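Per our numbering, residue 2 is the first one in the sequence shown, and the count goes up by one each step. Glycine included, each C-beta is placed from N, C-alpha and C at the ideal position. In this text, all values refer to a predicted model and were calculated from it rather than measured experimentally. This report concerns only the one structure given below.
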Amino acid sequence: MTFEQAKIVIVLRDDLLGWQENNVTAFLASAVTAAYPELVGDTYRDADGREYLPMLGTPVMVMVADGDRLATIRARAESRGLRIGLYTADLFATGNDVDNRAAVAAVSTEKLDLVGVAVAGERRVVDKVVKGATLHG
């Protein structure tokens, strides 16, 4: 997938607190970056030659939806063969990656209490997957 083809959307549940929105967005952006390193741009350099970390080379849209819509988005992504990043309510109570993965592994797909999902893929496909979510405000 190239910058020109890609669309990245993070969809947050519409009842999160501000700190939760920030936390979930950061974790889900990192999921996309880890899964699709080809979407990461080049190192930044200022006029003095100092280097800064590269970032995703395509914009990340943040949207909101209710819990039912998040479950629909997860299912749509799966039916179209897209991998997603997810964040569940249980992860707010954990403090590390091992516990995070264990918390997700303990719950069946249909019972995941989704508070956020990240979808990356070809623009038209991603638009269909996230249909019904609205831009974050």
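For G19, the enclosing alpha helix (DSSP H) begins and ends at G19 to A36. Of all alpha-carbon atoms in V63, A121, G96 and E39, the one lying nearest the alpha-carbon of N23 is that of V63. G58 has its alpha-carbon roughly 23 Å from the corresponding atom of A134.
With at least 16 other beta carbons inside 10 angstroms of its own, A66 counts as buried. According to DSSP, A7 shares a beta bridge with E123. The C-alpha of A119 lies about 7 Å from the C-alpha of A30.
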